[in-house]
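Q:
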Amino acid sequence: MNDMLRDTAVFSSNIDLFKFSFFVGKDSLLFMDGPAHLAERNKIAPAFSPSMFPLYFDGIRDLSERTWARLSRRADGKPFKLDPELRRFYAAITIELTTGVCGDSDLCERVRKSFVSMIDGLIGPAFGPLWDRTVRCRNEIVSILTKVVNEKLEHEADTIERLRASLHDQSSLRSVKSLLKDGADILQVLLAASQFKTGPNHTHDPDEFRKLINLLLLLWLAGFFTTAATTSCAMFEMGKDPEIMRRLVVEQDDIVRRAGSARVTFDQLEQMPLLDSYLKEIMRLFPAGNGIMRNVEKDVVLMGKRIPKGTNVFCDLQAANRDEAVFHDAEKLIMDRFVVKHDGSDPPPRIIAFGGQASPHFCIGSALAKMMLRTNLAVFLRGYELELDPRQSKRYRQIPDYTPASEILVSSLKRRT
Ligand code: HEM
């Protein structure tokens, strides 16, 4: 099965998803296969290399801190819905990380609103007033992003050139942190890996420019719902079972407070095995991308069933992650299921929230996503505690994402002492 998934002569990405291709371009890496796909991925891979993460971390932590502080002030005895706030946070941080536009700025808010309106167009027909609005919103985002990219190439030329030099020498990627003391964003890294000329008054290859803007839209589309939905499930389960929150807080206090740090640091994120395991368990039970689609390029027999050429198949990640043959008590949330034991026992099985290991399209943002999730939750656990409203429904909905059916109704979000 794994070999077949890897073989694009059997399963390809040649799927006709009109609306997605309208949003991110027909030549997006989503719809590519084989060497052309690999070449596109390789071009953007440095931006997703964990060696870059220390440069992205401060921005994520700062926006997390401001967001939880704002929400705890806002809560002030009045119940509120957490999910829209989580979506707002992850949209803002995804825009900030991928463009450098501050997540709290009016510009970010404008882009975020247009983006959300644009993707509303995923539902409904591709004509009529709703679709017209989708097209208008997309045009507005493209023109803002065009300006952002041009300004970056002109005003951040030094940073981009320094990154460019270090990208040519892979071994110096690790020391990139010392090159860029004030942090960096993904767009700077993407531009460093591109052929675009830096400095004022350059005209750029319009096709390459279009592809870059489409790539940013793909990163937003792929990155923000998934992280928001995962956090939503993590917060929901913590609210339903305060013992989960209590154990995570003990781990936090042990690591962050004992180190005497006022704030969570990047290195401390690596020392939270229980938080790590809990997030894996949440992604196992409630994978945000609920499945992956492929086109069958030739007749095959898969798990005993004949699948004719031309069929679109949907690999159900929700079912795979609850397979009793792989995970014991698969329906049950066991928060330390993935804590690695050093007693010679087998390592925990792998979850497949980010696509199968054999998939050439395996989520390129998976490590970054984990870092965003861990940072945001660590900041929450470090400073706050939450209670669900007693009227909260305990049910989930599964489509389009696994999320609490009635969203999360919080009755109290306060600083913990
Ligand atoms: C919890 C968060 C996330 C989940 C569960 C998730 C899940 C997935 C899944 C299931 C796929 C499809 C894999 C396949 O077709 O084999 C995918 C692809 C992708 N993801 Fe993620 N993702 C997450 C976060 C992110 C983030 C934060 C980014 C970037 C900012 C990102 C960027 C991408 C891209 C660009 C692809 C397409 C890769 C390709 O076609 O080669 N994802 N993701």
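Residues -6 to 410 (my numbering) are what the sequence shown spells out, left to right.
Ideal placement from N, C-alpha and C gives every residue a C-beta, glycine not left out.
(1) Should V333 be labelled buried (16 or more other beta-carbon atoms within 10 Å of its own) or exposed?
(2) Kindly provide the ranges of any alpha helix (DSSP H) runs that are 4 or more residues long and lie completely inside the stretch 135 to 205, ordered along the chain.
(3) On the criterion of 16 or more Cβ atoms from any shown chain inside 10 Å, does G376 qualify as buried, or is it exposed?
(4) Using 8 Å as the Cβ pair cut-off and three pairs as the minimum, do the stretch 63 to 77 and the stretch 385 to 403 touch?
(5) Excluding sequence positions up to five away, which residues of its chain have a Cβ less than 8 Å from the Cβ of A2?
(6) If you run the structure through DSSP and keep just helix, strand and coil, what is I357?
(7) Please list, in chain order, all residues of the same chain as K12 whose beta carbon is under 8 Å from its beta carbon, the five residues on each side excluded.
(8) In whole angstroms, give me the CA-to-CA distance for I112 and S57.
(9) Under a Cβ-count criterion, where at least 16 other Cβ atoms within 10 Å of its own Cβ denotes burial, should E230 be classed as buried or exposed?
(10) Less than 8 Å between C-beta atoms, sequence neighbours within five positions excluded: which residues of the same chain meet that for C101?
(11) Going by DSSP in three states, E380 sits in which element: helix, strand or coil?
(12) Out of D0, G18, A222 and K363, state which residue places its alpha-carbon closest to the alpha-carbon of L211.
(13) Strictly by DSSP, which residues pair up with S285?
(14) How far does the alpha helix (DSSP H) with K298 in it reach, from first residue to last?
(15) What are the residues that DSSP puts in a beta bridge with T396?
(16) Just to confirm, are R330 and A323 a CB contact at a threshold of 7 Å?
(17) Looking at the structure shown, is K71 part of a helix, part of a strand, or coil, going by DSSP?
(18) Excluding the five sequence neighbours on either side, which residues of its own chain have a C-beta within less than 8 Å of the C-beta of R240, listed in chain order?
(19) Take every Cβ of the stretch 367 to 383, pair it with every Cβ of the stretch 249 to 261, and state whether three or more of those distances are shorter than 8 Å.
(20) Taking 6 Å as the cut-off, is the CB of C356 close to at least one heavy atom of the ligand HEM?
(21) Residues bridged to R5 by DSSP?
(22) Using a Cβ cut-off of 7 Å (strictly closer), state whether N132 contacts chain D.
(23) Taking 6 Å as the cut-off, does the CB of L361 come closer than this to any heavy atom belonging to the ligand HEM?
(24) At a cut-off of 6 Å, would you count S352 as near the ligand HEM, judging by its Cβ distance to the nearest heavy atom?
(25) Can the beta-carbon of L146 be found less than 7 Å from the beta-carbon of T191?
(26) In the DSSP assignment, what residue or residues form a beta bridge with R408?
(27) Ordered along the chain, which non-local residues of its own chain (more than five positions away) have a Cβ less than 6 Å from that of C356?
(28) Among A29, V135, T91 and N283, which has the Cα closest to the Cα of S107?
(29) Let me know the beta strand (DSSP E) ranges lying completely inside the stretch 74 to 98, each 3 residues or longer, listed in chain order.
(30) Tell me the residue span of the alpha helix (DSSP H) that contains L272.
(31) From what residue to what residue does the alpha helix (DSSP H) around V414 run?
(32) Would you mind reading off the limits of the alpha helix (DSSP H) that contains G27?
(33) Beta carbon of G348: closer than 6 Å to some heavy atom of the ligand HEM?
A: Judging by the given coordinates:
(1) Within the sequence shown, residue 333 is the residue found at index 340, counting from 1. Exposed, by the Cβ-count rule.
(2) 150 to 161, 169 to 172 and 179 to 185
(3) Reading the sequence shown from its first residue, position 383 is the one you call residue 376. Classification of G376: buried, given that the 10 Å Cβ count is 16 or more.
(4) yes
(5) Here residue 2 is taken as the residue at index 9 of the sequence shown, counted from 1. E290 and K291.
(6) For the purposes of this step, residue 357 is identified with residue 364 of the sequence shown, where counting begins at 1. Note: I357 maps to coil in three-state DSSP.
(7) For the purposes of this step, residue 12 is taken as residue 19 along the sequence shown, with counting starting at 1. Hits under 8 Å: G114, L115 and A119.
(8) Looking up residue 112 in the sequence shown gives position 119. Looking up residue 57 in the sequence shown gives position 64. Distance between the alpha carbons of I112 and S57: 24 Å.
(9) The count along the sequence shown starts at 1 and reaches residue 230 at position 237. Buried is the call here.
(10) By one-based count along the sequence shown, residue 101 stands at place 108. Correct list, in chain order: A85, I88, E89, V94 and C95.
(11) Taking the first residue of the sequence shown as 1, we reach residue 380 at position 387. Three-state result, E380: strand.
(12) Within the sequence shown, residue 211 is the residue found at index 218, counting from 1. Among D0, G18, A222 and K363, the Cα nearest to that of L211 is on G18.
(13) For this step, residue 285 is matched to residue 292 along the sequence shown. In the sequence under discussion, the amino acid at residue 285 is Ile, which differs from the Ser named in the question. For I285, which the question treats as bridged, DSSP gives the partners C308.
(14) If you number the sequence shown from 1, residue 298 lands on position 305. K298 -> not in any alpha helix (DSSP H); beta strand (DSSP E) instead, spanning K298 to I300.
(15) The residue you call residue 396 lines up with position 403 of the sequence shown. T396 is bridged to R390.
(16) Working through the sequence shown from its first residue, we reach residue 330 at position 337. Working through the sequence shown from its first residue, we reach residue 323 at position 330. It is not a contact, given that the beta carbons lie outside the stated cut-off.
(17) In the sequence shown, counting from the first residue as 1, residue 71 sits at position 78. The answer is coil: DSSP assigns K71 none of H, G, I, E or B.
(18) As a position in the sequence shown, residue 240 is number 247, starting the count at 1. Excluding sequence neighbours, R240 sits near L267 and M328.
(19) yes
(20) One-based indexing of the sequence shown puts residue 356 at position 363. Answer for C356: yes, Cβ within range of the ligand HEM.
(21) Translated into positions along the sequence shown, residue 5 becomes position 12. Rather than Arg, the amino acid found at residue 5 in this sequence is Ser. DSSP output for S5 lists N288 as bridge partner(s).
(22) Given the protein chain composition of this structure (a single chain), no chain D is represented.
(23) Your numbering for residue 361 matches position 368 in the sequence shown. Checking every heavy atom of the ligand HEM against the Cβ of L361, one is found closer than 6 Å.
(24) If you number the sequence shown from 1, residue 352 lands on position 359. Result yes, Cβ under 6 Å from the ligand HEM.
(25) On the sequence shown, residue 146 is found 153 positions in, with the first residue counted as 1. On the sequence shown, residue 191 is found 198 positions in, with the first residue counted as 1. For L146 and T191, yes; Cβs fall inside 7 Å.
(26) As a first step, residue 408 is located in the sequence shown; it is residue number 415 there, counting from the start. Answer is Y377.
(27) Residue 356 sits at position 363 when you count from the first residue of the sequence shown. The answer, listed in chain order, is F347 and G348.
(28) Counted from its first residue, the sequence shown places residue 107 at position 114. Checked all of A29, V135, T91 and N283; the closest Cα to S107 is V135.
(29) none
(30) Stepping through the sequence shown from its first residue, residue 272 is reached at position 279. Its alpha helix (DSSP H) spans residues P266 to L278.
(31) Since the displayed the chain opens at -6 and closes at 410, residue 414 lies outside it and no answer follows.
(32) As a first step, residue 27 must be located in the sequence shown, where it is residue number 34. G27 -> alpha helix (DSSP H) spans G27 to I37.
(33) As a first step, residue 348 is located in the sequence shown; it is residue number 355 there, counting from the start. Under cutoff, so the answer is yes.
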